[in-house]
Amino acid sequence: MMASEKLFGLHATALQLRSQRMMMLASNIANAATPNYKARDIDFAKALDLAQQGGSTDGAISYRVPVQASLDGNTVEMATEQTAYAENALAYRSSLSFLSGRINTLTRAIKGE
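Right under this line is the structure:
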């Protein structure tokens with residue numbers, strides 16, 4: 395087990411995965427008007443499980459299946475992407491807040507406060 399895992403638990407890994415997912419969702423949104431662009435997403439629970447096992451998280455990435463197909467082959471649905479982005483951003487902030495609190499606690503402990 396790595397030292398960061400002992401100190402921060404799953405939150406460090408979760409933060410990394412949430413960041414990766416946020417970039418993927420932002421890419422989907424940015425390419426909403428790109429013909430034949432295929433929206434992708436990360437199954438967070440699966441990615442976290444794979445990361446815990448020490449493996450690659452690539453197996454948790456998949457193409458999104460649109461509810462309504464676009465004539466130009468683009469599979470981005472803005473409402474879906476925006477909702478997923480907002481939910482992911484909230485979870486990212488929660489993990490970041492936990493890590494910040496943990497670091498503050500460790501800093502106080504080191505200083506003997």
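Residue numbers for the sequence shown, in my numbering: 395 to 507. Every residue gets a Cβ at the ideal spot worked out from N, C-alpha and C, and that includes glycine.
Residue from LEU500, ARG415, LYS432 and ARG502 with nearest C-alpha to THR477: One-based indexing of the sequence shown puts residue 477 at position 83. Here the closest residue by C-alpha is ARG415.
PHE402 to SER494 span [Cα, whole Å]: Position 8 of the sequence shown holds residue 402. Position 100 of the sequence shown holds residue 494. Just so you know, the alpha carbons of PHE402 and SER494 end up roughly 10 Å apart.
If the criterion is Cβ atoms closer than 8 Å, does the pair ARG458 and ASP435 meet it? Working through the sequence shown from its first residue, we reach residue 458 at position 64. Working through the sequence shown from its first residue, we reach residue 435 at position 41. Going by C-beta atoms, ARG458 is nearer than 8 Å to ASP435.
Could you give the distance in angstroms between the alpha-carbon of PHE492 and the alpha-carbon of ALA473? Within the sequence shown, the letter at position 98 stands for residue 492. Within the sequence shown, the letter at position 79 stands for residue 473. Whole-angstrom Cα-Cα distance: 29 Å.
DSSP beta-bridge partners for TYR457? Counted from its first residue, the sequence shown places residue 457 at position 63. DSSP lists ARG434 as partners of TYR457.
Run through DSSP, which three-state label would PHE492 get? Working through the sequence shown from its first residue, we reach residue 492 at position 98. Of the three classes helix, strand and coil, the one that applies to PHE492 here is helix, per DSSP.
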